[in-house]
Amino acid sequence: MSKEVEVLLRQSGIEIVTSVFYRIEQLGQLMEKLKELDARVIMHHANGEGSSLCHVFCQAYKYGLIGRKYVWLTLMQNVKDYRKFASNMHQKGQLSCNAEQVVKAAEGQFIIFRADTKDASEVGYEPQRSFTDHAEILREMKKQAWYNDDTRRMLYQLNYDAIWAAALALNKSLSRLPPRVITNFKYTDLGTVTDALMPEMNRTDFFGASGPVSFSPHGSRMSWLAMEQIRNGTAILFGIYDQKSRKITLSKKISDLWYSHGSAAELSSISNVPCNAFVWLFVTGFTLSFGTMLLKMWGVCRHFRYQQDWGLQGELRMLSGVAVLLVIDILMLLIWQLTDPLVVEDRLLPEIRDGAKMVRYQTFYRQCHSGSAMGWTIAFIVYKGLLLLGSVCLAWPTWAMSVKRDVGDSSQVGLAIVIITLATVVGVPVGVLVQEEPSVNFGVIAGFTLFAIIATVLLLLIPKLMELKRGEMEPSLWSPLRLYVAEFFNDAGDK
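First residue of the sequence shown: 1, per UniProt numbering; consecutive thereafter.
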């Protein structure tokens with residue numbers, strides 16, 4: 001590891017436990033040391049042929065430095081099929097591990113090397129400058145007498161660009177060099193040449209055979225770095241890092257790098273409409289269902305206490321009261337909708353670590369949010385809470401009077417009101433407390449809502465349908481429905 005890399009890592013707060021040079025025969029001792037130091041991220045510089053990397057993974061397999069607990073970052077290139085490469089080495093007696101052991105040790109590890117335009121094109125990277133096609137440069141090289149087809153592609157590309165960079169810098173610095181130095185150069189003039197040459201080298205910026213050519217203030221080549229991951233013995237290119245722009249371009253196969261947990265919804269139709277529709281349906285639905293029961297209890301209470309007739313006029317008064325409550329709901333919802341509507345907001349839950357599998361899970365979800373949501377929620381809780389309080393106050397006396405006189409279904413309505421009130425009193429605080437757990441929050445709200453709905457249906461709707469079937473129900477605004485209900489029951493009985 002170079003000193004520059006060590007400095008950068010330490011500046012980023014990354015601890016370096018050791019930095020060593022080794023020979024192949026020393027790999028066993030090195031693996032023991034790495035295991036003793038509990039090193040988890042290991043940077044390794046291998047030769048371009050891949051043989052040293054196979055030896056490293058072989059020893060890593062023997063000493064157990066493989067799997068999710070360890071990440072190997074290897075600087076090398078020129079090997080794509082590690083299964084075949086390791087198999088050939090094993091057959092020749094050059095490797096003590098077989099191909100499957102090497103592949104198992106190499107699974108998921110990363111390879112980094114200097115990329116050219118061919119590598120960049122595979123991940124869809126588009127540089128922000130015009131350049132000569134690398135294939136055209138290669139064709140020009142093949143025409144030269146010094147070209148050797150057996151030479152690795154990157155080697156002649158780097159040599160080509162190095163000579164070209166030096167030539168450009170020399171050409172631009174000629175005007176600052178004394179004529180004597182140009183015509184009769186001596187090693188004593190090296191300082192003069194260096195002073196004129198280095199500024200031009202630092203300003204070097206062209207696109208060559210190996211990609212973009214420029215230099216950092218430290219003198220390092222700034223070009224492209226290709227990133228591969230070994231999967232099932234094959235090196236898969238998944239990204240290009242541009243050292244000058246400090247940007248990473250990833251291929252569409254980046255999802256292969258992550259372990260999925262749970263499921264994800266399609267992101268093509270994310271809309272704010274469901275957020276606001278939920279609030280409107282929930283608020284108005286509560287008023288239409290609970291409000292009618294509350295006003296029914298109020299009307300029955302007045303009927304028994306003041307001897308007022310109920311009849312059709314009573315039902316009309318009840319519906320008028322429900323309409324008033326509904327208008328109040330609509331006005332409040334409209335003001336909320338116009339001033340600060342609910343919008344979809346992205347949230348990340350605290351990550352969960354699985355020590356056994358060495359995996360961290362990060363849950364991402366979308367929720368409905370607005371800046372004034374809490375204020376409006378409190379307003380609706382107070383408003384609906386007053387309705388609940390009034391209904392509870394009416395439920396007991398009305399229930400007692402209806403039981404004594406055995407009139408109507410007021411006792412069932414009172415019991416339904418009590419059940420809804422209990423579900424609300426328990427469900428709302430619990431739902432607020434578990435807002436950070438989306439699944440639990442949804443389960444609590446849905447569970448208590450379904451419980452209240454099912455209880456109301458069993459207490460009110462089913463008995464009403466039975467009375468309509470028997471013709472025992474008193475005349476009301478809903479009396480015209482009796483024929484349809486009777487026909488429904490008759491059809492069900494025939495089947």
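Using N, Cα and C, we set each Cβ at its ideal position, and we do this for glycine too.
All values derive from a computational prediction rather than experimental measurement.
Same chain only: Cβ atoms within 8 Å of residue i, ignoring 5 sequence neighbours per side
i	result
G291	G321, V322, L325, L326 and L387
I16	M1, E6, L9 and R10
C393	none
residue 568	Shown here, the chain extends from 1 to 495; a query on residue 568 therefore has no answer.
L177	T192, V193 and A196
Residues of its chain near residue i, where Cβ-Cβ distance is below 7 Å and the 5 sequence neighbours each way are ignored
i	result
I164	It should be noted that the sequence gives Trp, not Ile, for residue 164. Only G208 meet the Cβ criterion.
L415	L459
D242	W224
M318	T292, L295, K296 and G299
L34	I42 and L65
N98	H90
Nearest residue (CA-CA) to residue i, options the options
i	options	result
L389	G371, M466, A169 and L422	L422
G233	V430, V426, F85 and I24	F85
R246	W224, I236 and R231	W224
E107	A60, R114, F113 and M76	A60
P350	Q362, L342, N88 and S51	Q362
M76	I328, S370, Q229 and K296	Q229
I112	F238, M201 and S175	F238
L348	L30, M332, T284 and Q435	Q435
Q157	R139, K172, M31 and T188	R139
T74	V41, Y63 and N441	V41
L331	V283, E32 and H45	V283
A162	S214, T377 and A46	S214
P199	I182, A226, A166 and D189	A166
A39	K69, F57, C275 and C54	K69
K62	V103, G285 and I420	V103
L333	C58, S271 and T287	T287
D346	S271, T249, T424 and E32	S271
S289	E25, T249, N88 and I454	I454
Classification of residue i by the beta-carbon crowding that lies within 10 angstroms, buried from 16 upward
i	result
Q91	exposed
G67	exposed
L65	buried
K143	exposed
K3	exposed
H369	exposed
I417	buried
M297	buried
F21	exposed
G299	buried
W396	exposed
G355	exposed
S12	exposed
G50	buried
L450	exposed
Q109	buried
Q101	buried
M466	exposed
K384	buried
Q412	buried
Span of the alpha helix (DSSP H), counted from its first residue to its last, around residue i
i	result
L30	L27 to E36
Y241	Segment T234 to D242 is the beta strand (DSSP E) holding Y241; no alpha helix (DSSP H) there.
T204	Where T204 is concerned, there is no enclosing alpha helix (DSSP H), given that its DSSP letter is neither H nor E.
F290	Careful: F290 lies outside any alpha helix (DSSP H) and carries neither H nor E.
S51	S51 to Y63
S87	Y82 to Q91
N441	P438 to T456
R180	P179 to T183
K3	K3 to Q11
Close-in-space but distant-in-sequence residues of the same chain around residue i (CB under 6 Å, 5 per side omitted)
i	result
P438	Y365
P212	S223
Residues that DSSP places opposite residue i in a beta bridge
i	result
G208	G211
M354	The question names Met, but residue 354 is Asp in the sequence shown. Paired residue(s): V359.
I111	T74 and E228
Q365	Gln is not the amino acid found at residue 365; the sequence shown has Tyr there. According to DSSP, Y365 bridges with R347.
R221	F215
Span of the beta strand (DSSP E), counted from its first residue to its last, around residue i
i	result
T249	K247 to L250
A39	Here A39 belongs to no beta strand (DSSP E), and DSSP marks it neither H nor E.
I230	W224 to R231
V71	V71 to L75
V344	V343 to L348
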